[in-house]
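Notes follow once the structure below has been shown.
Protein chains: 2
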Amino acid sequence: MLRPGAERISALGGLHKFMNWPLPILTDSGGFQVMSLSDLRKLDEKGVTFRSHLDGAMVELTPERAIEIQSLLGADISMQLDECLKLPASREEIARAMRLSLHWAERSKRSFEGRERDGFALFGIVQGGDDLQLRTESAHALSDIGFEGYAIGGLAVGEPQDVMLKVVAETTPVLPVKRPRYLMGVGTPHDLMEAVKRGIDMFDCVLPTRNGRHGMAFTRFGAINLTNARHANDPRPLDEQSVHPVARTYSRAYLHHLAKANEILGAVLLSTINLAYYQTLMQGMREAIEAGRFAHFHAACDEGWVRGDIPAL
Amino acid sequence: MLRPGAERISALGGLHKFMNWPLPILTDSGGFQVMSLSDLRKLDEKGVTFRSHLDGAMVELTPERAIEIQSLLGADISMQLDECLKLPASREEIARAMRLSLHWAERSKRSFEGRERDGFALFGIVQGGDDLQLRTESAHALSDIGFEGYAIGGLAVGEPQDVMLKVVAETTPVLPVKRPRYLMGVGTPHDLMEAVKRGIDMFDCVLPTRNGRHGMAFTRFGAINLTNARHANDPRPLDEQSVHPVARTYSRAYLHHLAKANEILGAVLLSTINLAYYQTLMQGMREAIEAGRFAHFHAACDEGWVRGDIPAL
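Going down the list, the sequences are from chains A and B. Under this note's numbering, residues 251 to 563 are what the first sequence spells out, in order. Under this note's numbering, residues 251 to 563 are what the second sequence spells out, in order.
Shown next, in the form of C-alpha cells:
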C-alpha cells in the first residue's frame with residue numbers, strides 16, 4: 251500500500267509479475283498491520299486513519315480501499331478489513347470491535363463483488379477476542395454473509411496456547427464445512443498440529459523465516475537454537491532425514507558459525523530449512539487425514555518434539 | 251583464524267567440507283586483514299601481533315603460523331604473509347616493508363614445503379608500493395625463490411587507476427610466464443580488463459557482492475545504481491542478454507523496491523547477478539585471448555560501459 255504502492259504495482263502488471271512468483275498469493279487487508287505497528291491511528295465506523303512510517307503522511311484505510319488495494323495487487327485471496335484488538339480487553343470493547351468488523355465484512359464483500367474478478371476469493375475474518383459467545387456470533391454472521399473462506403483473526407497475540415485452541419475449537423464447527431478455515435498469524439509446528447486437529451486448513455506465519463534469520467531451526471526434533479555453543483564442533487547435519495538437501499548436507503558447526511557471525515547465508519539457509527520442514531509437516535498432516543491416521547501422525551510428531559534434539563556429541 | 255578458528259575447521263574436515271564447497275579455495279595470509287582492520291598492532295621481523303576484535307586477546311601471526319592456518323583450513327592456494335603499507339609512504343618505508351615481505355616469503359615457502367601437501371600451491375606476493383624499481387626488485391627476488399604463482403599486492407588501496415596499471419605493466423614481465431599472476435583486491439570490470447591486458451590472470455574482490463548488497467548491479471551497460479528513482483516504474487529486466495535468469499527475469503522496479511526496502515532478497519539477487527556478470531566477463535576475455543581478438547573484445551566492452559545504461563523509460 252505504502253511502498254512501493256498498490257497503484258504502482260498494478261501498473262507493473264500486479265504482484266505475481268512484480269515478484270516473479272507464479273503461485274497463489276494471499277494478501278492481508280492491513281487492519282492488523284495498522285493496529286499493531288502504527289503509533290498514531292484513529293478508528294471510526296468509516297475506517298482507520300494512520301500516519302505513514304515512510305513520510306509521516308496521514309493515510310486513510312476503509313474496507314473499500316482495502317479491497318481496492320488487494321485487487322490492484324492481483325491477490326488470489328483477499329482479506330476483509332477488520333479491527334484487531336489487543337487482549338486483554340473488556341467484553342464491551344471486544345463486542346464493539348467484533349460488530350464493527352462484521353459491518354466492514356459486509357462492505358468488503360459488496361466492494362469485492364463489484365470488481366468481478368473471476369476465480370479470486372475473499373475471506374471474512376472471525377473476531378471476538380477470547381469470548382466464545384462473541385466468536386460464535388461472529389462466525390454465524392459471517393457464514394450468513396457468505397465468503398469463499400473464513401479466517402479466525404485476533405489470536406496469536408500473546409494469549410496462552412490453550413486459550414487460542416479453545417477459541418479455535420468453538421469457532422470451526424460454526425463455519426461452513428466446505429470452505430477453507432484459516433488461522434491467522436499461527437504458529438509453531440505444535441500450534442499447527444493442534445489447530446488442524448480442531449478443523450483449521452490454512453495458516454500464515456513469520457516464524458519459519460523470522461526465527462531462521464535469528465539462528466533457529468525447526469525440525470522433527472523440535473526447535474533448535476543454532477547459536478548454542480553445543481553445535482560449534484558438531485559435524486552432523488540438522489536432520490539427515492529431511493527432504494531438504496541443506497538440512498541433510500550442511501553441518502551444524504557451519505550453521506552455528508554463520509548464525510554467530512550474522513552472515514546473510516545463515517539467514518537464507520535456515521529460512522529454507524524451516525520452510526521445508528513446515529511444508530513437510532503440513533503434507534504429512536494432509537496425507538494422514540486422508541489415510542484416517544491423523545491421531546497416529548500427531549502422536550509421532552509430538553514424540554519427536556518432546557524428545558527434542560539429538561544428544562550433543 | 252579467529253572465528254570459528256583454524257584448528258576447529260581442521261577438526262571438522264577442512265574448509266571445503268565445512269562450507270560444503272567442492273571447488274578450489276584461495277585463502278589470504280591475514281597480513282592485509284590485520285593491517286587494514288586492526289587498530290592495535292605491533293610489527294617486527296618475527297611477525298605481527300594484533301588485538302582480536304572478538305575477545306580483545308593479543309594474537310601473534312608469523313609467516314609460519316599463517317601457513318599453518320591455511321594448511322589447517324585445507325586451502326588449495328595459500329598466500330605468503332606480507333606487510334601491506336598504506337600509501338603514500340616514503341621510499342625508505344616502502345623498501346623496508348618490501349624486503350621484510352621478501353624475507354617472510356622465504357620463511358613461508360620453507361614452512362609450506364615442510365608440509366608436503368601434494369597438488370596444493372603457495373603464491374608469493376610482490377610488494378614495493380608505487381615505486382617501479384622496488385616492484386621489479388621484489389618480482390625478481392620472488393621468482394628466484396620460486397612459487398606456484400605470483401600475486402601483486404598492496405594495490406587497490408586508494409591510488410589512481412593509472413598508477414595501479416603502471417605498476418602492473420612493469421611487474422608482470424618480470425614474473426615467470428608459465429605461472430599464474432594474481433592481482434589482489436581488484437576490482438571493477440574496467441580494472442579487470444585493463445589488468446588482463448597487462449598480463450594478469452587472477453583476481454579476488456568484494457565488489458560484486460558488497461556492491462550487490464548495497465543496490466548496485468554490474469552489467470554490460472556498466473555500474474547501475476538500482477536505488478535510483480529512475481528504476482521505480484521500470485518493468486524491464488537489468489539485461490535481457492545476461493546468461494543469468496535473474497538478470498533477464500526480474501524487473502528493475504522490483505530490484506529497486508528490494509534495495510530501497512533493505513530486503514535480504516535484494517542483496518542475494520544483485521550479488522548473483524554481479525557474480526554472473528564477472529564470470530561472463532572473464533570467460534569472454536579467455537575466449538578472446540585464445541581466438542586472438544582480445545583488442546576487439548576490449549573495445550566492445552568499453553563501448554558498452556561508456557555508453558552506459560539503457561535510457562530511462
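From the three backbone atoms N, C-alpha and C, an ideal C-beta is built for every residue, glycine too.
Collapsed DSSP secondary structure at residue i in the structure displayed
i: SER328 (chain A); result: strand
i: ALA541 (chain B); result: coil
i: ILE450 (chain A); result: coil
i: ALA401 (chain B); result: strand
i: VAL436 (chain A); result: coil
i: LYS336 (chain A); result: coil
i: ILE560 (chain B); result: coil
i: VAL298 (chain A); result: strand
i: LEU265 (chain B); result: helix
i: ARG536 (chain A); result: helix
i: LEU323 (chain A); result: helix
i: ARG315 (chain A); result: helix
i: LEU531 (chain A); result: helix
i: LEU304 (chain A); result: coil
i: LEU287 (chain A); result: helix
i: LEU276 (chain B); result: strand
Cross-chain neighbours of residue i in chain C, by beta carbon under 9 Å
i: PRO485 (chain B); result: Checking the listed chains, one finds no chain C in this structure; the protein chains it contains are A and B.
Host alpha helix (DSSP H) of residue i (start-end)
i: PHE544 (chain A); result: 544 to 557
i: LYS359 (chain B); result: 341 to 363
i: THR421 (chain A); result: 411 to 421
i: GLU257 (chain B); result: 256 to 261
i: VAL424 (chain A); result: Segment: none, VAL424 (chain A) is in no alpha helix (DSSP H) and carries neither H nor E.
i: LEU311 (chain B); result: Here LEU311 (chain B) belongs to no alpha helix (DSSP H); instead the beta strand (DSSP E) covers 308 to 311.
Expected contact under 8 Å - CB spacing of residue i and residue j to nearest Å
i: ALA339 (chain A); j: GLY379 (chain A); result: 6 Å
i: ASP326 (chain B); j: ILE275 (chain B); result: 5 Å
i: ILE317 (chain A); j: ALA517 (chain B); result: ILE317 (chain A) to ALA517 (chain B), Cβ: 34 Å. No contact.
i: GLN330 (chain A); j: ALA355 (chain A); result: 5 Å
i: ILE474 (chain B); j: VAL496 (chain B); result: About 14 Å separates the two Cβ atoms, so there is no contact after all.
i: LEU551 (chain A); j: MET443 (chain A); result: What sits at residue 551 (chain A) in the sequence shown is Cys, not Leu. Contact holds; Cβ gap of about 6 Å.
i: LEU520 (chain A); j: LEU457 (chain A); result: With a Cβ gap of about 12 Å, LEU520 (chain A) and LEU457 (chain A) do not count as contacting.
i: ILE344 (chain A); j: VAL376 (chain A); result: Between VAL376 (chain A) and ILE344 (chain A) the Cβ distance is about 12 Å, and since that is not below 8 Å, they are no contact.
i: ALA503 (chain B); j: LEU262 (chain A); result: 5 Å
i: PHE373 (chain B); j: GLY408 (chain B); result: Not a contact, Cβ separation roughly 23 Å.
i: HIS411 (chain B); j: ASP454 (chain B); result: Residue identity check: residue 411 (chain B) is Gln in the sequence provided, not His. No, GLN411 (chain B) and ASP454 (chain B) are not in contact; Cβ-Cβ is about 18 Å, not under 8 Å.
i: ARG385 (chain B); j: LEU415 (chain B); result: The pair is not a contact, with the Cβ atoms about 13 Å apart (cut-off 8 Å).
Run of the beta strand (DSSP E) containing residue i, from where it starts to where it stops
i: LEU392 (chain A); result: Counting along the chain, LEU392 (chain A) falls outside any beta strand (DSSP E), though it belongs to the alpha helix (DSSP H) covering 382 to 395.
i: ILE375 (chain A); result: 371 to 376
i: ARG253 (chain B); result: First-last for ARG253 (chain B): undefined, no H or E at that position.
Practice prompt. Kindly provide the ranges of any alpha helix (DSSP H) runs that are 4 or more residues long and lie completely inside the region 457 to 522 of chain B, ordered along the chain.
Written response: 457 to 463, 495 to 499 and 502 to 510
Worksheet item: Which residues, in order along the region 470 to 501 of chain A, keep a beta-carbon less than 8 Å from a beta-carbon of chain B?
Response: ALA482, ASN483, PRO485, THR499, TYR500 and SER501
Worksheet entry | chain A contacts from the region 506 to 526 of chain B (Cβ-Cβ distance under 7 Å) | HIS507, ALA511, ILE514, ALA517 and VAL518
Discussion item. Any C-beta of chain A within less than 7 Å: which residues of the region 446 to 464 of chain B qualify?
Written reply: none
Worksheet item: Residues in the region 269 to 280 of chain A with C-beta within 8 Å of chain B's C-beta atoms, listed in sequence order?
Response: MET269 and ASN270
Worksheet item: Taking Cβ-Cβ distances below 7 Å as the criterion, which residues of the region 432 to 443 of chain B are in contact with chain A?
Response: none
Worksheet item: For the region 366 to 395 of chain A, which residues have a beta carbon sitting closer than 9 Å to at least one beta carbon of chain B?
Response: none
Worksheet item: Relative to chain A, which residues along the region 312 to 334 of chain B have a C-beta separation below 8 Å, given in chain order?
Response: none
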